[in-house]
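Have a look at the structure below before the remarks.
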Amino acid sequence: MKEQRHHQRGKKAAGDGGGDGEASFRLPRNFVPRRYDLFFAPRPAKGIFFGAAIVTVEVEAPLASPTRCLTMHALELSIEPPHVSVMPSPGRRGRRDLSGEVEKQAEAEEAEQLRCVAVHTSCVDETITLEFSSCLPNDVGDVFVVGFSHFTGFIHDSGASCGLFYSNSYDTNFLSTHLEPTNARLLFPCFDEPSYRAVFQLTVEFDSRYTIVSGTRVVREELVEVDEEMFAASFRDPPLFCSWDALRFLARDTSNNINRDSTGVGHVVVRVDDGVIAHEYANVSTNDINFGPAPHTPEMRGGVVVEGEEEGEENVSKAAGQQEGRCNPPKNSRKNDPLVSSSNDSPTCFIRRVTFDETPKLSTYIVGFNTGKFYIIERETTKSKLLCRVIFPAEVQTNHGWYALDLLTKAVAFFDEYFDFLLPLQKLDLVCLRCFSFLGMGNWGMVNMHLDYMLVNESTPLERRQRIARLIGHKVAHQWVGDWATVSWWNFLWMREGICRCLEFMFVDSVFPDWLIWDEFLTQVLDDALVLDTQPEKTHPVQYCNANPRLIEDCFDSISFGKGASIMRMLFSLLGGDCLRAATRRLLQRCSNTCFDSQMFLDCLLHGEHEAERREMAAAVVRGAEKSGHPLLYVEQNPDGVCCVTQYQMPDLRQGILQAYVKLQQGKETTNAMDLMAPRRMRVFNWNAEHVLQRSNYSVHAKIVELEETGCFFGRTFCMRSSQEIIKCFPDRLIYLNYHGTGVLRCDYDTATWRRIFEVAPFLSSQDCIVITMTLFRFRNIHIGQDATDRMDRCELLLEWLIFITQSSVMTASQWSYITHQIEYIFYMVRDYPCWELFSKFVCSLYTPLIRRGSLSFTAQEQAVTFESRRDISRTTVLHILQVLAICNCPVILDESREQVERALVSIMPQFANDFARGTFTTHNSVAFNVFNDSDAVAVSIAMQCLIEHGDMKTWWTLACVVAAIFNISLQKTAEELHLDVVEGIYVAHLDEMHKSRWLNMIAPALFAFDTSSTLPFLLLVLHNFKSLNTPIAKAILRNKRLVTSLFECPSLAHSMPHITVIRHLLIMHGAMLCSDSNLILLMMASVAGEATPERSGGSNGRGKQEPMRAGGMARSLPVANAILAMKTNCLWMDYCCDHYDSFLSKRFREKQLTTTPLGTPRASVMDMDAMEEDGVST
């Protein structure tokens, strides 16, 4: 029901969406909220919650004539007219005093109430229009109060993660809120736009055995003991709150015994002081701990609130220093715990009702609460003494949260000093959610995070630690820019996210300077954003927002976030690093009662700036956010120092200029550029940018440097206001554009200039080297042909750069990671061409420096705290490199691969060690294999693939027997065909389903990569048991051409293999980056189109048949169609490059510019595959 409800809601909203229809979805600013007093009573067992609200409203702009109607946002809330009314309050602003002294006054005002006569709902606009018995106040400054004495709403599933939702799959009493961007209307009636800011005060009631957390401290907490029979009756008949004493609710109406069968208590608090960050509760069971009352709340005694006593925090602090720094929770007796009923005479339950302190003025999307059973670890910042807490489910080991707590306190201290602006934060919580569709959400004082991105142990890889550090820095920065200083509407989201993305990298760089985290900005933020920005179906202006409330979230993508951050980085690099700090400080000062837009941001940025050129430049950069795409600057430099810079529209990098190349090659403008069967005439191409690219006219601002051969350089800012500009410099100097990669653009050069840049690269920064690497990889479909400056073909530039950069001293961890990631795609495509053998040697030679210094090992470890990007590489990158070397048949890792496989197999084959005890068992690592250790499992899987790529039939057969034992498949027929005996002594009966799944995912890539006709029936039989494919398995299958051909060619599989369609489509999607075999592409196209399989032409890339269908109508889905188009592009690109690669690499190896590392003699395969069957193992 919930999924259907969401689908219908999205369907209705999507019908009227559009960027130009803002007026139909935005509320007029005649009435503005000043305060919300909210009450929530969730009922998780029923999937609903009850609520009540008092909304204080002020007239900001009078209407032409008084009205009886008030429009607010509300969605999926049940609100009836009898439960809504208005109390005019002339001259009274803020919270109403409902104490006993004014009860008579309240009764007198009862007669002045405006009763609601109708509630009109709009599902498209997601609003309710309240119609009252008489007109509402209409003078500027008039204040009135709208009361909702009762409404109900839904609790959503964790997949939706909107409104109030379930946030723990193990316990439905864990609830959380996520209200961004337009989901506050799912929780309470409101003015759900970021510009409507108001003060909030929340009251939440829930089962007393659970803790309730919100963005402010608790000001009142009480327990109510309720008879179960009374509660059951009240629960079936939802409560009706019918008086203006809105937050004094009757216990019998709001009690909650839905969790009576749950055990345990609310939370345990572990308090640490500075320098004490190593305490553990890993060996302590929650059943053995006595839990105290909630911290930072009035003490409760027998359900009575005792205010004014603050002993709890002091006791927790004292406990933190006992027993040599070990944290001991308060020692309260469970039998005296007020959270647990001690009476067994009659069935009772307790309800905890918590009122939180009021917030400053906030937007609706950054308030909320969480419920659950928690561990809480806390620490105060050194300077501001702000209490920082990390809160996670009680079943999680506490010692896994210290990393997050340490970073949280460091981030608060960093931004306190950076902004020099004291926020009215009472505390800052990091709440870890087990089920959450987002990485994080920065609510005021309470940041919700996905649990997986908060826990760190000794095996957590460096990349995950870096991501956690960035994520915490980003969300803490949002407390200043995003929560306190809020954008006025979602089209300015890029400014908020861009500023905070830059700040997150600044924070991480200050804490871990040796990580060189700004290199990661280039490869993970800028590069990804620019790639998407070239795709017509995905690009959009950065300053863009669909007005439809259900489609606003579509602009929360890599372009808005990544390109927006890149624009901010460019802006501050042009104006100077201090501009960001000064601008954000002014922004914070001006946004206490208002929101900001692009004009206010520019005013803050240019405050005190009198230089007209700088003001114009800043305005032009910000205006650039309103335009999609980005320029390609093509630079031609003459020997006399004259440099011509021409800007073109960046083409779609997926096709580049290949379509134009094919049309020019075939001499027919009407020829289908992606026709794989069209005959080719030549593999030469004269490069001329004017023939293949389209001029553009962006306003370009970039940093340029003039480089001398000695390494000296002179920098300045380059402004380009037309499609072509001339730059002059001294003849002996080289002009390099986009210094440090700060511009949101790509630069290309003529071939001779590229080669000059390669020569001076040692004098460039690591960021510039990464930008060059990114450009050459991304331009693979653009860099074809020869220009007049050099005889080298442009497709060879990438290879020459890789030879130079990998042998130099300027390589960093980010460079190795990016090169490995990108080179893997290329060598998968090269596998189908004659240059494969040379190319595999070339790839192995790139990693010679790492091999010689012993950095590449299956047992390599990393020290995250002392990690230096210029010296070290992470274990994840090491394993990725080993994966590449394994597929390239590099023998250097063969012996260690066998050791890893043997170490793993011993755990399920006790006799395996005895089989090798006679001299062939080589394992020296005494550490037991753990299949649940991700790093261990990946290493062993790569080692298995390495042995299989070298034709180790015995290892493959052993792995096949293990898989057969897990799936309970008979191997008798396969053993007879292979003339082998079934391996005995495989012990998998003790493995549960989770263990079996881990073993299968580890073994399957090696198993499916074995490309022989004799093993094909068994592989198809195993594949019957797979419902889907992960990336390693899909890559392995794509390396097995016989298996792929059978999967797409055999019609009977559609009946015998239930998930064949899913498997085929997954292979096509992965083939977009990996496949360039024209025959396989034709089979995939025929399979998707449902047409008869065409006859295969002779040879790997024959062109004797027509294509079975065109891309326009062949695919059932756009992603599949795009994937097939990408594979066809791969085929055309490799068809051009293969001869050039072959000649280039042959020449380099002859001239000994490339050498293979002396690796010793690899161990011979246990069985000679050539002796077993003629075709051997496919390479």
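50 is the number of the first residue of the sequence shown in this note's numbering; add one for each residue after it. Glycine included, every Cβ here is placed at the ideal spot set by N, Cα and C.
Query raised in the report: By a C-beta neighbour count over all protein chains shown, 10 Å radius and 16 as the cutoff for buried, is Q648 buried or exposed?
Result: Taking the first residue of the sequence shown as 1, we reach residue 648 at position 599. The residue in question, Q648, is exposed, as its Cβ has fewer than 16 Cβ neighbours within 10 Å.
Report task. Name, in chain order, the residues that DSSP records as bridge partners for G903. Result -> For this step, residue 903 is matched to residue 854 along the sequence shown. According to DSSP, G903 bridges with nothing at all.
Query raised in the report: Would you report the Cα separation of C844 and C1186, rounded to the nearest angstrom?
Result: On the sequence shown, position 795 is the one that residue 844 refers to. On the sequence shown, position 1137 is the one that residue 1186 refers to. Going from the Cα of C844 to the Cα of C1186 covers about 7 Å.
Report task. Output the boundary residues of the beta strand (DSSP E) element that contains N232. Result -> The sequence position of residue 232 within the sequence shown is 183, counting from 1. Neither: N232 is in no beta strand (DSSP E) and is coded neither H nor E.
Query raised in the report: Per the contact definition of three or more C-beta pairs closer than 8 Å, is the segment 417-428 in contact with the segment 256-276?
Result: yes
**Report entry** Close-in-space but distant-in-sequence residues of the same chain around S210 (CB under 7 Å, 5 per side omitted)
**Finding:** Position 161 of the sequence shown, counted from the start, is the residue given in the question as residue 210. The residues are H227, F485, S486 and F487.
Query - Residue range of the unbroken alpha helix (DSSP H) whose run includes L637 - result: Residue 637 sits at position 588 when you count from the first residue of the sequence shown. Residues D627 to R639.
Query raised in the report: In whole angstroms, what is the alpha-carbon distance linking R880 and S863?
Result: The count along the sequence shown starts at 1 and reaches residue 880 at position 831. The count along the sequence shown starts at 1 and reaches residue 863 at position 814. Between R880 and S863, the C-alpha separation is close to 26 Å.
Query - For K752, the three-state DSSP class (helix, strand or coil) - result: One-based indexing of the sequence shown puts residue 752 at position 703. Reduced to three states, the DSSP call for K752 is strand.
**Report entry** Neighbourhood of F1016 by C-beta, 6 Å cutoff - its chain only, sequence neighbours within 5 removed
**Finding:** Within the sequence shown, residue 1016 is the residue found at index 967, counting from 1. Answer for F1016: N1074, listed in chain order.
Query - Boundaries (first-last residue) of the alpha helix (DSSP H) holding E951 - result: Position 902 of the sequence shown holds residue 951. It spans L943 to L954 - the alpha helix (DSSP H) in which E951 sits, taken as one unbroken run.
**Report entry** Residues that C693 bridges to, as DSSP identifies them
**Finding:** In the sequence shown, the residue the question calls residue 693 occupies position 644. The partner list for C693 (beta bridge, DSSP) reads E685 and I775.
Query raised in the report: What does H122 pair with, by DSSP beta-bridge criteria?
Result: As a working note, residue 122 is residue 73 in the sequence shown. T176 and C239, per the DSSP bridge assignment.
**Report entry** Residues near L636 in its chain [Cβ-Cβ closer than 8 Å; skip 5 each side]
**Finding:** Reading the sequence shown from its first residue, position 587 is the one you call residue 636. Result list for L636: V530, A534, F645, M649, F650 and C653, in chain order.
Query raised in the report: Which residue comes first and which comes last in the alpha helix (DSSP H) that contains C644?
Result: As a first step, residue 644 is located in the sequence shown; it is residue number 595 there, counting from the start. That residue, C644, is in no alpha helix (DSSP H); it is neither H nor E in DSSP.
Query raised in the report: For R919 versus E911, is the C-beta distance shorter than 8 Å?
Result: Counted from its first residue, the sequence shown places residue 919 at position 870. Counted from its first residue, the sequence shown places residue 911 at position 862. No. Outside cutoff.
Requested in this report: Might you give, ordered along the chain, the residues of its own chain that have their beta carbon closer than 6 Å to the beta carbon of P115, omitting 5 neighbours on each side?
Outcome: Sequence index remark: in the sequence shown, residue 115 carries index 66 (1-based). These residues qualify, in order along the chain: C184 and N187.
**Report entry** Beta-ladder partner(s) of N419, from DSSP
**Finding:** Against the sequence shown, residue 419 aligns to sequence position 370. Bridge partners of N419: S225 and V262.
Query - Contact check, V749 vs M769, beta carbons under 8 Å - result: As a position in the sequence shown, residue 749 is number 700, starting the count at 1. As a position in the sequence shown, residue 769 is number 720, starting the count at 1. Yes. Within cutoff.
Report task. Confirm, please, whether the CB-CB distance from I1112 to A1103 is below 8 Å. Result -> The residue given as residue 1103 occupies position 1054 in the sequence shown. The residue given as residue 1112 occupies position 1063 in the sequence shown. No, these two residues do not count as a Cβ contact at 8 Å.
Query - The alpha helix (DSSP H) enclosing E815, as first and last residue numbers - result: Reading the sequence shown from its first residue, position 766 is the one you call residue 815. Note on residue identity: the sequence assigns Ser, not Glu, to residue 815. Element bounds for S815: S815 to R827.
Report task. Take L500 and list the residues in its own chain whose beta-carbon comes closer than 8 Å to its own, dropping the five residues that flank it on each side. Result -> Locating residue 500 in the sequence shown gives position 451, where the first residue counts as 1. Only F441, P442, V445, C481, L482, R483 and F485 meet the Cβ criterion.
Report task. Report the three-state DSSP secondary structure of H1114 (helix, strand or coil). Result -> In the sequence shown, the residue the question calls residue 1114 occupies position 1065. Reduced to three states, the DSSP call for H1114 is helix.
Requested in this report: With distances taken Cα to Cα, identify the nearest neighbour of V194 among F80, K1076 and V268.
Outcome: Indexing the sequence shown from 1 puts residue 194 at position 145. Of the listed residues, the one whose Cα sits closest to V194 is F80.
**Report entry** Inter-residue spacing [alpha-carbon to alpha-carbon] between M823 and Q932
**Finding:** Here residue 823 corresponds to residue number 774 of the sequence shown, with the count starting at 1. Here residue 932 corresponds to residue number 883 of the sequence shown, with the count starting at 1. If I take the Cα positions, the gap works out to 21 Å.
Report task. Put T105 into one of helix, strand or coil per three-state DSSP. Result -> For the purposes of this step, residue 105 is taken as residue 56 along the sequence shown, with counting starting at 1. Strand.
**Report entry** Pick from A953, D689 and E998 that is closest to N938, judged by C-alpha positions
**Finding:** Mapped onto the sequence shown, residue 938 falls at position 889. If we check each option's Cα against that of N938, E998 comes out closest.
**Report entry** Backbone CA spacing between T572 and N492 [nearest angstrom]
**Finding:** Here residue 572 corresponds to residue number 523 of the sequence shown, with the count starting at 1. Here residue 492 corresponds to residue number 443 of the sequence shown, with the count starting at 1. Near 29 Å, if we compare the C-alpha coordinates of N492 and T572.
Query raised in the report: Under three-state DSSP, which class holds M1106?
Result: Here residue 1106 corresponds to residue number 1057 of the sequence shown, with the count starting at 1. M1106: coil per DSSP, three-state reduction.
Query raised in the report: Per DSSP, what kind of secondary structure is C761 in: helix, strand or coil?
Result: As a working mapping, residue 761 is identified with position 712 in the sequence shown. Coil, per DSSP.
Query raised in the report: Does the distance from the CB of L1072 to the CB of M1106 come in under 8 Å?
Result: For the purposes of this step, residue 1072 is taken as the residue at position 1023 of the sequence shown. For the purposes of this step, residue 1106 is taken as the residue at position 1057 of the sequence shown. In this structure, M1106 lies closer than 8 Å to L1072 by Cβ.
**Report entry** Residue burial classification, M498 (beta-carbon count within 10 angstroms, cutoff 16)
**Finding:** In the sequence shown, the residue the question calls residue 498 occupies position 449. Buried, by the Cβ-count rule.
Query raised in the report: Straight-line CA distance for E1200 to G450?
Result: Against the sequence shown, residue 1200 aligns to sequence position 1151. Against the sequence shown, residue 450 aligns to sequence position 401. Rounded to whole angstroms, E1200 to G450 spans 55 Å at the Cα level.
Query raised in the report: Contact check, L794 vs A751 under 8 Å by CB: the rounded distance?
Result: As a first step, residue 794 is located in the sequence shown; it is residue number 745 there, counting from the start. As a first step, residue 751 is located in the sequence shown; it is residue number 702 there, counting from the start. Right, their Cβ atoms sit about 7 Å apart.
Requested in this report: Kindly indicate which three-state DSSP category S134 falls into: helix, strand or coil?
Outcome: Reading the sequence shown from its first residue, position 85 is the one you call residue 134. Strand at S134.
**Report entry** At least 3 beta-carbon pairs within less than 8 Å: the segment 610-621 vs the segment 766-781
**Finding:** no
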